[in-house]
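Everything in the sequence shown is counted per full-length UniProt numbering, starting at 1 for the first residue and increasing by one.
See below for the structure under consideration.
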Amino acid sequence: MDAPLDGTSARRGPVRAPQSLVAGLGLIGLGLFGVWASSDLDYGSLRAIGPGLMPFWLSVGVGICGLALAVAGFTHDGHPLQSVSLRGPLVITLAVLAFAVTIRPFALGGVSTPGLGLIVAGPLAIVIAGYAGTEARFLELLTLALFLTAGCMLLFGDMLNLPIPIFPTAVVQAMTGVLPARTLLRIAAGVMALVGSGLLLVQRRSSRREPIEVARHSLTT
């Protein structure tokens, strides 16, 4: 009997693709967590979409994909488990948890966190998730976080007018009656984009200087 084309030998037991099974179970767990995390949000309707509708169905979709992948682990031949670094999955999980507990007030037992809004939770999650890779650079991650968060603020908070907490609770209370919410949102998004542009220029200038320094060093050796 010929060996499988992928180099894997015949395995005993019902699991034929351990990698697919483990990946599927991970996606199912992520989907269940998303459903639980969005259970307190208002789903709204198709005419007036609430903040919990998209996260809920996205989590359901992730869970269905995970279920299909897990089933494939029993029905299709695949690769065995290999030694992999846990840094990526752990850091991504930490980023998701950081976003969940900071975007709105969160309480678990006797521990509670203040609601910091998307303006803080967004950059925090993006920067943390960036360290899942081994070549992460803080300035690059911060620049990306500022641009992405500013875009999300304008898209979801201004254009779609979804009731997503944008600012920390203390800021909302202090600015009530002082400045319209949309005006404050646009100003904050503009400032974040401006700061991100400044950081981008600094990085480009520093990257242009590095080849010159290397060339001068090579001429002296």
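Positions of the beta carbon are idealized from the N, C-alpha and C atoms, including for glycine.
Next item on the list: Determine the closest residue to P51 out of L142, P80 and G157, with distance taken between C-alpha atoms.
Entry: G157
Margin query: Can you check which of these residues, V91, A107 and T134, is closest to I126 by C-alpha distance?
Written below: V91
Check: Who are A107's beta bridge partners in DSSP?
Finding: Note: A107 sits in a beta bridge opposite S112.
Next item on the list: Use the C-beta contact count for M159: other C-beta atoms within 10 angstroms, 16 or more gives buried, fewer gives exposed.
Entry: exposed
Next item on the list: Using beta-carbon positions only, say whether G24 and G66 come within less than 7 angstroms of one another.
Entry: yes
Notebook entry, point to check: If you check the beta carbons only, do F74 and P14 fall under 7 angstroms apart?
Noted result: Cβ distance < 7 angstroms, so F74 and P14 count as in contact.
Notebook entry, point to check: Taking DSSP as the reference, what is the three-state secondary structure of I49?
Noted result: In the structure shown, I49 sits in a strand (DSSP, three-state: E or B).
Notebook entry, point to check: Which ranges would you report for the alpha helix (DSSP H) in the region 164-188 if only whole runs of at least 4 residues count?
Noted result: 169-175
Notebook entry, point to check: Less than 7 angstroms separating the beta-carbons of A189 and A150?
Noted result: yes
Notebook entry, point to check: Can you list, in chain order, the residues of its chain whose CB lies under 8 angstroms from that of V202, leaving out five sequence neighbours each side?
Noted result: If we look at V202 and ignore the five residues flanking it on each side, its Cβ neighbours are L139.
Checklist line | Reduced DSSP category for G44 - H, G, I as helix; E, B as strand; rest coil | finding: strand
Notebook entry, point to check: Taking Cβ positions, are A100 and A129 nearer each other than 7 angstroms?
Noted result: no
Note to self: In the DSSP assignment, the alpha helix (DSSP H) including T93 goes from what residue to what residue?
What the structure shows: Taken as a continuous stretch (DSSP letters only), the alpha helix (DSSP H) holding T93 covers R87 to T102.
Next item on the list: Determine the DSSP secondary structure at Q19, reduced to helix, strand or coil.
Entry: helix
Note to self: Can you check which of these residues, L81, R47 and D40, is closest to L21 by C-alpha distance?
What the structure shows: L81
Check: Going by the beta-carbon positions, is the gap between L53 and Y43 smaller than 7 angstroms?
Finding: yes
Checklist line | Limits of the unbroken alpha helix (DSSP H) element including A132 | finding: Unbroken run through A132: none, as it is neither H nor E.
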